[in-house]
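For the sequence shown, my numbering puts the final residue at 877, and the numbers step up evenly by one.
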Amino acid sequence: MVIAVLGVQWGDEGKGKIVDALCENAHLVVRCQGGANAGHTVVIDGSKRVLHLVPSGILTDGTYCLIADGVVVDLDVLHAEIENLANAGIDVWKRLAVSKRAHVVLPLHREIESIHEEARGKARIGTTGRGIGPCYSDKASRLGIRICDLLEPKRLADRVKALYRAHGLDDRRSAGSVEAAMAYLEGFTETIRRIAADTHAILFQALEANKRIVLEGSQGFLLDIDHGSYPYVTSCNTGIHGLLAGCGIPPSAVTSIVGVAKAYVTRVGGGPLPTEMEEPIQTEVRQKGEEFGATTGRPRRCGWLDLVALRYACRANGVTSLAVTKMDTLAGLDTVKVCVGYDYGAQSLDTVPAEAEALGECNPKYETAEVWGDLSGVQCFGDLPSEARSYLRAIEHWAGAEIELVSTGPERRSILRAKQLT
Ligand code: IMP
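Printed below as a string of structure tokens:
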């Protein structure tokens, strides 16, 4: 049984918490794409843990975790994350493997990214600065360094030299850079030796034994390199297609596709967000929802729920059920609105346009939702105020899928499950 969990907005939908909720009895949890640009948060008994590379499944005893082929691995972040988890008493070394096929983010990639962002001036993407784009570029150019290369010193040296030469940075022009990169990589050899694996073999064994496997998507579909608001996107496919390519299992293996959506929308960095809230409501929602980047700490831009964008994402991903998070953040507001269409000049649009510029010029058509009050005592779906239930039903209608999980607070236990829906 394979459950794919992916974001259907601009990232930060709360995938970490939803993966955690779906991990019970899971044999494997797999990060498939993206890198340390992700920040997946799980709060257990008041203690908050943010994971950037290690799958959220590591917080569930007995679950084995994979960082699969399509992930770009920042070794500094991975090493620190493993150490932190081990120090917290989690048997991470026994329950984590990283694919030999995964690519490695080098300090060079972070430097290139900072030059690119600077060069873009006002049109900067507002990346997380983790070197994700340049690493995926080198991968596509067939210049990348992979995890398996770290285990073969001669091949590693050849590949690093070739990479630097291709960037015009061989040692004739940039003394010491190849040596510095080699020294950096060799510093992680022992860590990698302990966890590098052929993750295909592990995955297929679990598939054949019909074990429960959770694929943990990162970022959101509206940041997808092909289907998002290019160029204000991340550098990989963030939807179901990216998850499958990233771990190497066939579409026919997937049992369900859970789209994670916040009850409103947020976006970090540049790019269009048609439903961005006015002030002071935006600040109120940001504070109440603690909308600050888990990776960069940047304040997130907050907007009203965009049902047009949600439908676009759910349709493209074949979402079979939904998880809706942060219903508690909207509780008690004076007004709640949802976007049900866009006015673009004289045209009325019912889907997301291809051009980021056009999306930026879209004026949302809003419907006002009935507001609901405090959700802190809510134990099951039936306890939800009728206004909140209507809101969720509207989401189901637009997404074309039923809601399986509703999150009503940051804590692990603040979650309502589908079996309680009726
Ligand atoms: P990059 O992935 O660091 O290259 O950043 C590209 C864009 O994606 C920027 O707007 C980032 O803020 C955004 N982004 C990347 N990862 C995440 C994430 O995990 N959550 C939310 N936004 C993200």
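C-beta atoms are modelled at their ideal positions from N, C-alpha and C, and glycine is treated no differently.
- Within the same chain, Cβ atoms closer than 8 Å to the Cβ of ALA811 are found at SER684, TYR685, PRO686, TYR687, GLY726 and PRO727, the five residues on either side in sequence being excluded.
- Around the beta carbon of CYS835, a 10 Å sphere encloses fewer than 16 other beta carbons of the protein chains shown; the residue is thus reported as exposed.
- Following the DSSP letters along the chain, one finds LYS616 inside the alpha helix (DSSP H) bounded by residues 608 to 621.
- In the DSSP assignment, GLU671 falls within the unbroken beta strand (DSSP E) covering 668 to 675.
- Per the DSSP secondary-structure output, SER869 pairs with nothing in a beta bridge.
- In the structure shown, ASN492 falls within a coil segment according to DSSP collapsed to helix, strand and coil.
- For GLN737, the closest alpha carbon among the candidates GLY832, ARG597 and ASP789 is that of ASP789.
- For the pair LEU830 and THR654, the Cα-to-Cα distance works out to about 42 Å.
- Annotated as distal: GLU816 and GLY796, with beta-carbon spacing of 9 Å or more.
- Contact fails between the stretch 639 to 653 and the stretch 774 to 781, because fewer than three Cβ pairs, one in each stretch, are under 8 Å apart.
- In the displayed model, TYR799 falls within a strand according to three-state DSSP.
- Around the CB of ALA656, fewer than 16 other CB atoms lie within 10 Å, so the residue is classed as exposed.
- The Cβ-Cβ distance between VAL526 and GLY490 falls below 9 Å.
- Looking at the backbone, the Cα of GLU634 and that of CYS590 are separated by about 19 Å.
- Contact between the stretch 739 to 751 and the stretch 689 to 702 is absent, with fewer than three C-beta pairs closer than 8 Å.
- Placement of the Cβ of ILE570 at a distance of 8 Å or more from every heavy atom of the ligand IMP is found.
- In the DSSP assignment, the residues bridged to VAL720 are GLY758.
- With contacts defined as CB atoms closer than 9 Å, VAL463 and VAL715 qualify as a contacting pair.
- In terms of side-chain proximity, the C-beta atom of ALA493 is found nearer than 8 Å to a non-hydrogen atom of the ligand IMP.
- One thing to note: LEU670 has its Cβ no nearer than 9 Å to the Cβ of LEU847.
- For GLY462, the uninterrupted beta strand (DSSP E) segment begins and ends at 457 to 462.
- In the displayed model, ARG585 falls within coil according to three-state DSSP, outside both helix and strand.
- Between ASP475 and ARG867, the gap from beta carbon to beta carbon is short of 9 Å.
- Here PRO706 is exposed: its Cβ has fewer than 16 other Cβ atoms, across all protein chains shown, within 10 Å.
- By the criterion of a C-beta distance shorter than 8 Å, LEU606 is surrounded in its chain by LYS555, THR644, ILE647, ARG648 and ALA651, once the five residues flanking it on both sides are discounted.
- Taken atom to atom, the span from the alpha-carbon of GLY675 to that of HIS682 is near 11 Å.
- As the crow flies, the alpha-carbon of GLY837 is around 30 Å from that of GLY672.
- In this structure, the C-beta of ILE858 stays at least 8 Å away from each heavy atom of the ligand IMP.
- ALA617 places its beta carbon less than 9 Å from that of LEU598.
- The three-state secondary structure of PRO705, taken from DSSP, is coil.
- Looking at the DSSP output, THR823 sits in a beta bridge with LYS792.
- The closest heavy atom of the ligand IMP lies less than 8 Å from the beta carbon of VAL723.
- Boundaries of the alpha helix (DSSP H) around LYS549: 547 to 550.
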